[in-house]
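Participant: What follows is a structure written as structure tokens; I'll ask about it next.
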Amino acid sequence: MRVEIWSDIVCPWCYIGKRRFERALEGFAHADRVRVQWRSFELDPSFPAGGAVPVLDALARKTGASREQVAAMTDQVREVAAGEGLVYDLEGGVMVNTFDVHRLVHLAREAGVEEEAQERFMRAQLVEARDLSQEAVLVELSGEIGLDADRVREVLSGDRFAAQVRDEADQARRLGGTGVPFFVFDRALGVAGAQPVEVFSSALEKAWQTRS
């Protein structure tokens, strides 16, 4: 059974959803028969490439809320994340355009380390507050999961995987996804949002029974 997960690296709820889905999968009797595939979805494709803005400032600008209101909202998200074992540093983080990061996840897919790439980039963005707009940072993080530095720089300097990133976002919309995280089970069942573990467990069971 294939589970496709549309997400964005800068999305705090996507990392929370990842952890909850992983917990559900751990308790699924047929986990060894499940293939997870990460799909690209940019929350804000219009964000300037190469730029980096403090997360709270970027959210305040996008929502029209005050910085204090945004800080209160992120406090709530941080509490939820902590319940999943994730120690977020949103105040110290920066918002970036994630198009190149998504392209590197596609490179990682070719190399068989797609899951490792998704995990490493999410942790770097949301927990470690790294600046993923910097090529040197992306090369460093990619190297940690075994990607060749020259291949990473080659991707970043060109447009390889650009079409795939855009196509995957289009696929999500065609399947009814309007935001992330968005989980699709065998293209037959969709779950939107960072739902409780029980919801993912139920979806796994239902999708498995449907295919059987």
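Position 136 of the sequence shown, counting from 1, maps to 136 under our numbering, and the rest follow consecutively.
The beta-carbon is built from N, C-alpha and C at its ideal position, and this holds for glycine as well.
This one's a predicted model, so the numbers in the text were calculated from it and none came from an experiment.
Going by C-alpha distance, which of 14, 52, 41 is nearest residue 173?
Facilitator: 41
Participant: Measure the C-alpha to C-alpha separation of residue 175 and residue 150 and round it to an integer number of angstroms.
Facilitator: 36 Å
Participant: Quick check on DSSP: helix, strand or coil for residue 207?
Facilitator: helix
Participant: Alpha carbon to alpha carbon, how far is residue 170 from residue 84?
Facilitator: 30 Å
Participant: Ignore the nearest five residues each way along the sequence and tell me which others in residue 74's own chain have a CB closer than 6 Å to its CB.
Facilitator: Counting only Cβ-Cβ distances below 6 Å, and skipping sequence neighbours, we find 90.
Participant: Is it buried or exposed, residue 118, if we count other Cβ atoms within 10 angstroms and call 16 or more buried?
Facilitator: buried
Participant: Would you call the region 178-194 in contact with the region 1-15, where contact means no fewer than 3 C-beta pairs closer than 8 Å?
Facilitator: yes
Participant: Reducing DSSP to helix, strand and coil, say where residue 142 ends up.
Facilitator: helix
Participant: Any Cβ of chain B within less than 8 Å of the Cβ of residue 157?
Facilitator: Absent from the structure is chain B; it holds one protein chain and no more.
Participant: Taking the continuous alpha helix (DSSP H) assigned at residue 4, which residues delimit it?
Facilitator: From DSSP, residue 4 is part of no alpha helix (DSSP H) but of the beta strand (DSSP E) over 2-7.
Participant: Report the rounded CA-to-CA distance for residue 44 versus residue 97, giving the unit in angstroms.
Facilitator: 7 Å
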